Every structure is written in structure tokens, then in C-alpha cells.
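Note that UniProt numbering has the sequence shown beginning at 14, numbered continuously upward.
Positions of the beta carbon are idealized from the N, C-alpha and C atoms, including for glycine.
Fair warning: this is a prediction, and the values are worked out from it, not measured in the lab.
Please read the structure below before turning to the comments.
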Amino acid sequence: AILIVDFGSQVTQLIARRIRETGVYCEIHPFNTAGDAVAALNPRGIVLSGGPASTLDENAPTIHPALLEAGVPILGICYGQQALCMALGGKVEAGHHREFGRADVTVQKPSALYEGVWDLGTQHQVWMSHGDRVTALPEGFEIVGTSAGAPFAMIANEERRIWAVQFHPEVVHTPDGAKLYANFVHHICGIAPSWTMAAYREKAVEKIRTQVGSGRVICGLSGGVDSSVAAVLIHEAIGDQLTCIFVDHGLMRLNEADEVVSMFRDHYNIPLVHVDASELFLSQLAGEADPETKRKTIGRLFIETFEAEAKKIGGAQFLAQGTLYPDVIESVSFTGGPSVTIKSHHNVGGLPERMNMELVEPLRELFKDEVRALGRELGLPESFVGRHPFPGPGLAIRCPGGITPEKLDILRRADAIYLDEIRKSGQYDKIWQAFAVLLPVQTVGVMGDGRTYEFVCALRAVTSVDGMTADFYPFDMGFLGRTATRIINEVRGINRVVYDVTSKPPGTIEWE
Ligand code: XMP
């Protein structure tokens with residue numbers, strides 16, 4: 014495995030994804046517990062991430078001595094490079110000018126890091142983001158590449174097997190970055206690619222069997238990719254010792270609840286309890302317009318309903334959850350105080366600890382794209398595995414203001430047309446998430462010779478890598494016009510369609 018030591022960079026998770034894509038397992042650990050991680054993981058290579066701190070600050074994070082003593086190859090990125098230099102006797106200074114964005118590095122000397130990728134003397138685009146920079150090298154190091162703003166853009170001590178770069182090879186703006194990581198893990202660390210979802214599936218099945226024995230497991234199913242993949246994997250391991258509970262809050266999209274039930278019950282033969290709780294949810298939400306209250310009400314009702322059903326089933330000691338690796342990674346925080354709550358998230362993973370059950374979390378080591386790959390491996394249909402994320406509170410947060418069954422019905426039909434048009438135009442897979450929002454605003458229109466006074470429908474589509482930041486998707490006007498016409502013609506209750514061109518930040522993806 015490769016150990017990634019996190020110094021708090023925004024893109025540390027991308028380092029892990031690049032390495033996993035080379036077929037090699039890796040874990041992220043915070044810099045202050047990295048010493049323990051070396052002992053626990055016994056890594057064959059170490060990557061030091063970037064980070065927001067300055068090595069010149071008094072309390073700057075430092076490299077744990079165990080990392081340097083491990084005797085395995087090390088690759089330092091940005092702050093990781095500076096921290097290496099500080100630790101080994103080099104010098105770092107605040108830059109005369111900060112360097113952010115695209116830069117070109119020139120390869121000055123051969124190095125194992127880019128052997129077979131870059132030729133001597135050539136120039137390559139990389140992504141820089143730093144204020145400080147290295148100004149004197151530790152003993153035994155040499156410059157192997159430079160850029161205009163960073164004379165020490167790439168340095169190496171090939172004998173001690175330490176490499177360090179000022180730029181970020183993990184981001185897409187460093188086009189050859191993935192190849193540099195592949196060189197590091199395959200050739201420098203000598204690890205053969207063996208991290209595949211086929212291998213993971215086998216191991217996970219074994220692990221579930223060992224953990225569960227002859228016990229009973231219940232699993233909250235949401236219709237989303239994570240809980241579905243977890244359920245299918247667990248069913249493969251222990252068969253009908255698993256029971257799934259699908260709490261249908263009546264806030265799903267058109268036909269979605271039926272599809273979930275038929276896929277799991279009929280196609281996979283997984284024991285499934287379908288709890289139609291829509292009346293309960295809708296009656297408790299009636300007249301409620303405050304976004305946080307709506308979210309909290311849904312979260313509370315979900316837990317109550319789920320618990321009641323679990324009790325009815327009885328005898329289950331285990332609760333399955335689709336927890337993913339990004340939820341598990343301990344994050345390095347330099348901001349200190351608690352961060353503000355933008356939204357109270359609710360999903361099937363948020364079941365309470367007071368249920369007093371042991372957790373089965375077979376996706377704990379996986380990133381979202383790996384969960385999708387595992388889903389394919391398990392034979393889930395592509396149309397399902399590639400689905401856009403859908404929030405736990407469902408359509409409730411796409412219907413600003415009070416919710417009524419009539420409004421939900423209008424929203425469902427508009428949303429279905431919008432997604433149909435996106436699929437037909439071949440754009441679905443280019444988009445992170447697309448959905449319709451029904452605004453609590455009526456406007457005047459004219460249809461035929463008559464006056465109309467109906468709701469406004471907003472369309473949203475964004476691109477994103479992780480949902481943390483997002484850009485609005487640039488549909489062409491022809492597509493938007495066609496879709497608006499279809500929605501207004503086919504959905505009674507909507508006479509105006511608008512497109513949301515807000516990115517995140519400052520907007521969020523969902524409207525509530
Ligand atoms: P926002 O609106 O915060 O959304 O920009 C970021 C991503 O999270 C999804 N989302 C949720 N997912 N439970 C979930 O499981 C929730 O309560 C929830 N709220 C937002 C949203 O759809 C987007 O993908």
C-alpha cells in the first residue's frame with residue numbers, strides 16, 4: 014500500500030484517487046498521526062500532500078521522523094516538498110510572487126519520476142498553487158526540473174529515493190500527472206497493480222461472512238447507488254440473512270419507488286420490506302416552508318419509521334450502511350472552530366447509534382467512482398450505476414415553500430421530461446446532477462387565447478467532481494428552448510421555465 018500523509022490540501026483525496034486508478038491501494042492519514050500509520054500500514058511508498066500552512070510559521074506541521082526512517086520511496090507535493098526541505102536541511106522562503114494556476118516546467122535532468130513520460134529538455138504544463146518556495150536544497154538533492162516561478166519545481170535525491178515537486182500532479186490541469194503517479198507507485202515503489210473491484214468483491218464477501226457469521230443484517234435502502242451496491246454485496250455474502258428496508262417517504266421521482274422495489278425484490282430476490290410512509294411524511298410536512306425544519310422533520314420521521322420496521326423484523330444484530338471512504342477520512346483542520354452548518358444532511362447512512370447494532374460497512378474503503386465500478390462488477394445495470402446523486406430528503410428540497418401532493422406531482426412530471434431530454438441528447442453522463450425545481454411563484458402567461466396563472470419551473474444542471482464545488486452546465490439554447498416547450502405543453506400547472514446559471518459557491522447545488 015501507499016501511505017498518503019495529509020497536510021490539509023484541498024486536493025489530498027485526488028492524490029488517493031490517482032493512485033487507486035493505477036491499481037494500487039492507498040490510505041490517507043493526517044500528518045500528526047502519520048507515525049502510527051507507518052506502523053499499521055507498513056507502506057511501500059509515501060506521498061506527502063500539499064497544504065495551506067507555511068513551513069515558516071511557528072507551529073507549522075512537520076514530517077514525522079518515522080516517515081523518513083521507513084526506508085521506502087517518498088514523493089513530496091507542494092507543502093510536502095517544502096516540509097521535506099525543512100526536515101532535511103534545505104531552505105524555504107516566502108515567494109517574491111505567488112504562483113497560482115498554469116505553469117510550464119522544463120525537464121533538466123533524467124529522473125525515475127518521469128522516465129518514459131517526459132523527455133529531457135522538453136516543456137510540460139503543470140498546475141501550481143503556492144506562496145512559499147524552496148530556495149536551497151538539502152544535501153544530496155539536485156534540481157531535475159524548473160519553471161519560471163519555481164527554480165526548484167522538481168527535485169530529487171535518487172539515491173535516498175526521495176522526489177519532490179512544487180506543482181500538483183493530482184489535478185487534471187497537470188495533464189501527465191496520472192502518469193507520474195503511475196511511475197512512482199509501479200516503477201519506483203515496485204508495486205504491481207492488484208487493486209481491482211473484482212478482487213475487492215471477493216475479499217469483501219469473505220470479510221462480511223466472517224463478521225456476520227449466522228447473524229441477521231438489516232439494511233436501509235434509499236434507491237441510491239451506495240446503499241444498493243452495499244445491499245447486493247452483502248446479499249452475495251450471506252443471502253437471506255439480509256433484509257432490506259425501503260422507507261418510501263413519498264418524495265421520490267416519477268416511478269422511482271416502483272423501480273427500486275422491482276429491482277431488488279424481483280430481479281435480485283433480496284428480501285425487501287417496502288414501507289409506504291408517504292402519508293405520514295406529507296402530513297407532517299404540510300404547510301412547512303422552512304428548509305431546515307423540512308430537512309429535520311424528514312430525518313426524524315425516517316429514523317422513527319425505520320426503527321419501528323426493524324423492531325417488527327426482530328432479531329437482527331447488524332445494521333448495514335453504505336459509508337464511503339471520504340466519510341471516514343479524518344480531516345486535517347487548520348481553521349480551529351466549528352464550521353457553520355449550511356444544511357442538515359439526511360441519508361440512510363444517518364441511522365442513530367441508539368439502535369445499538371453492530372455496523373456492517375462494506376464500502377468504507379471505497380471512493381464513489383470505485384463504488385460504481387463495484388456495482389458494475391456485481392452486475393447492476395449501467396443505467397442504475399451511473400445515476401446522478403439524489404438527496405435523502407428527495408423532492409422536498411426541490412419544492413421550496415410548503416409541499417402538497419399536487420405540487421409534487423407537477424414537479425415529478427417536469428423533472429421526468431427534463432431528464433428524458435438530457436438522456437436523449439446524450440448529455441446525461443457529462444453532468445454531475447440535473448433536476449427540476451418547482452418554485453412557489455405563479456406568473457401570468459398566455460396559452461391559446463387564454464390567460465394562464467401558473468407555477469415557474471427552474472431547471473438546474475451542474476458539473477462537479479465531488480459535489481463540494483460545482484459549475485452550471487452550459488446547455489445550448491436550442492436544448493433549453495425545446496425542453497421548456499415540452500414541459501409547458503405537457504405539464505399542466507407550469508407556464509414558465511427558467512435555467513439556473515449559479516455555480517457553487519456561491520450557490521449550493523440543491524435549492525434548499
Ligand atoms: P448541496 O445542495 O449542499 O449538495 O450543494 C451537495 C450534494 O449533496 C446532495 N445532498 C444531499 N445528499 N442527503 C443526501 O444524501 C441530503 O440531505 C442532501 N442534501 C444535498 C446534493 O444532491 C448534491 O449532490
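Classification of residue 305 by the beta-carbon crowding that lies within 10 angstroms, buried from 16 upward: For the purposes of this step, residue 305 is taken as residue 292 along the sequence shown, with counting starting at 1. Exposed, since its Cβ has fewer than 16 Cβ neighbours within 10 Å.
Which one or two residues does DSSP pair with residue 43 in a beta bridge? One-based indexing of the sequence shown puts residue 43 at position 30. Per DSSP, 19.
Can you name the residues that DSSP bridges to residue 440? On the sequence shown, residue 440 is found 427 positions in, with the first residue counted as 1. DSSP lists no partner for residue 440.
Relative to the alpha-carbon of residue 106, which residue among 67, 377, 410 has its alpha-carbon at the smallest distance? Translated into the one-based positions of the sequence shown, residue 106 becomes position 93. The residue with the shortest Cα to Cα distance from residue 106 is 67.
By DSSP's criteria, residue 467 is part of a beta bridge. Which residues make up the other side? Residue numbering aside, residue 467 sits at position 454 when the sequence shown is read from its first letter. For residue 467, which the question treats as bridged, DSSP gives the partners 456.
Closest by CA to residue 520, which one among 498, 178, 480? By one-based count along the sequence shown, residue 520 stands at place 507. Residue 480 is the option with its Cα nearest to residue 520.
When burial is assigned at 16 or more other CB atoms within 10 Å of the CB, is residue 317 buried or exposed? Taking the first residue of the sequence shown as 1, we reach residue 317 at position 304. Looking at its Cβ environment, which holds fewer than 16 other Cβ atoms inside 10 Å, residue 317 is exposed.
DSSP-derived helix/strand/coil call for residue 395: The residue given as residue 395 occupies position 382 in the sequence shown. In the structure shown, residue 395 sits in a helix (DSSP, three-state: H, G or I).
Please determine whether the Cβ atom of residue 26 lies at a distance below 7 Å from any heavy atom of the ligand XMP. Residue mapping note: residue 26 aligns to position 13 of the sequence shown, counting from 1. No.
Secondary structure of residue 232, DSSP reduced to three states: Numbered from its first residue, the sequence shown carries residue 232 at position 219. Residue 232 falls in the strand class under three-state DSSP.
Take residue 360 and list the residues in its own chain whose beta-carbon comes closer than 7 Å to its own, dropping the five residues that flank it on each side. As a position in the sequence shown, residue 360 is number 347, starting the count at 1. For residue 360, where only same-chain residues beyond five positions count, the Cβ hits under 7 Å are 235, 405.
The stretch 204–218 in contact with the stretch 126–135 per 3-pair CB rule at 8 Å: no
Spatial neighbours of residue 170 in its chain, beta-carbon cut-off 6 Å, leaving aside the 5 residues before and after: The residue given as residue 170 occupies position 157 in the sequence shown. Counting only Cβ-Cβ distances below 6 Å, and skipping sequence neighbours, we find 153, 154.
Considering only residues of the same chain and omitting the five flanking positions on each side of residue 386, which have a CB-CB separation below 8 Å? The count along the sequence shown starts at 1 and reaches residue 386 at position 373. Excluding positions up to five away in sequence, the list reads 210.
Do you know whose CA, among 102, 300, 456, lies nearest residue 416's CA? Your numbering for residue 416 matches position 403 in the sequence shown. Among 102, 300, 456, the Cα nearest to that of residue 416 belongs to 300.
If residue 496 and residue 518 are in contact, beta carbons under 8 Å, what's the gap, nearest whole angstrom? If you number the sequence shown from 1, residue 496 lands on position 483. If you number the sequence shown from 1, residue 518 lands on position 505. Rounded, the Cβ-Cβ distance is 26 Å, inconsistent with contact.
Alpha-carbon to alpha-carbon, residue 57 and residue 165: Against the sequence shown, residue 165 aligns to sequence position 152. Against the sequence shown, residue 57 aligns to sequence position 44. The alpha-carbon atoms of residue 165 and residue 57 are separated by roughly 26 Å.
Residues near residue 412 by beta carbon distance below 7 Å, same chain, minus five either side: Position 399 of the sequence shown, counted from the first residue, corresponds to residue 412. The residues are 420, 421, 424, 451.
Applying the 10 Å Cβ sphere with the 16-neighbour rule, what's the burial state of residue 113? Here residue 113 is taken as the residue at index 100 of the sequence shown, counted from 1. Under this definition residue 113 is an exposed residue.
One question on the structure: do residue 20 and residue 345 come within less than 8 Å of each other, judged by their Cβ atoms? Here residue 20 is taken as the residue at index 7 of the sequence shown, counted from 1. Here residue 345 is taken as the residue at index 332 of the sequence shown, counted from 1. It is a contact, given that the beta carbons lie within the stated cut-off.
At a threshold of 7 Å, does residue 381 count as lining the ligand XMP (C-beta to nearest heavy atom)? Within the sequence shown, residue 381 is the residue found at index 368, counting from 1. The answer is no for residue 381.
Residues in the same chain with beta-carbon distance under 6 Å from residue 242, minus the five sequence neighbours each way, listed in chain order, please. In the sequence shown, counting from the first residue as 1, residue 242 sits at position 229. The residues are 384, 387, 388.
Please report the straight-line C-alpha distance between residue 378 and residue 449, rounded to a whole angstrom. Mapped onto the sequence shown, residue 378 falls at position 365. Mapped onto the sequence shown, residue 449 falls at position 436. Taking the straight line from one Cα to the other gives about 33 Å.
How about residue 260 and residue 333: are their beta carbons less than 8 Å apart? In the sequence shown, counting from the first residue as 1, residue 260 sits at position 247. In the sequence shown, counting from the first residue as 1, residue 333 sits at position 320. No, the Cβ-Cβ distance between residue 260 and residue 333 is not below 8 Å.
What residues in its chain sit with their C-beta under 6 Å from that of residue 341, if we drop five residues either side in the sequence? Within the sequence shown, the letter at position 328 stands for residue 341. Hits under 6 Å: 377.
Closest to residue 475 by C-alpha separation, out of 446, 467, 120, would be which residue? Taking the sequence shown and counting its residues from 1, one reaches residue 475 at position 462. Selected option, being the one with the closest Cα: 446.
What does DSSP give as the partner residue(s) for residue 150 in the beta ladder? Locating residue 150 in the sequence shown gives position 137, where the first residue counts as 1. Paired residue(s): none; residue 150 is not in a bridge.
In terms of residues, what are the limits of the beta strand (DSSP E) holding residue 158? Position 145 of the sequence shown, counted from the start, is the residue given in the question as residue 158. Counting along the chain, the beta strand (DSSP E) containing residue 158 begins and ends at 155–160.
Assuming residue 178 is part of the beta strand (DSSP E), what are its boundary residues? Against the sequence shown, residue 178 aligns to sequence position 165. 175–178 is the span of the beta strand (DSSP E), which, as asked, contains residue 178.
Counted within 10 angstroms of its Cβ, other Cβ atoms place residue 490 as buried (16 or more) or exposed: For the purposes of this step, residue 490 is identified with residue 477 of the sequence shown, where counting begins at 1. Exposed, by the Cβ-count rule.
Any beta strand (DSSP E) of 3 or more consecutive residues that is wholly inside the stretch 55–79: 58–61
Whole angstroms are fine: how far does the CA of residue 399 sit from the CA of residue 298? Counting from one through the sequence shown, the residue named residue 298 turns up at place 285. Counting from one through the sequence shown, the residue named residue 399 turns up at place 386. Cα to Cα, the separation comes out at about 31 Å.
If you count every other CB in all the chains shown that lies within 10 Å of the CB of residue 175, and 16 or more means buried, which is it? Within the sequence shown, the letter at position 162 stands for residue 175. Buried, by the Cβ-count rule.
Any idea if residue 161 is buried or exposed, counting beta-carbon neighbours within 10 angstroms, 16 or more meaning buried? Along the sequence shown, one-based indexing puts residue 161 at 148. Classification of residue 161: exposed, given that the 10 Å Cβ count is below 16.
Any heavy atom of the ligand XMP closer than 7 Å to the CB of residue 404? Residue mapping note: residue 404 aligns to position 391 of the sequence shown, counting from 1. Residue 404: yes, Cβ under 7 Å from the ligand XMP.
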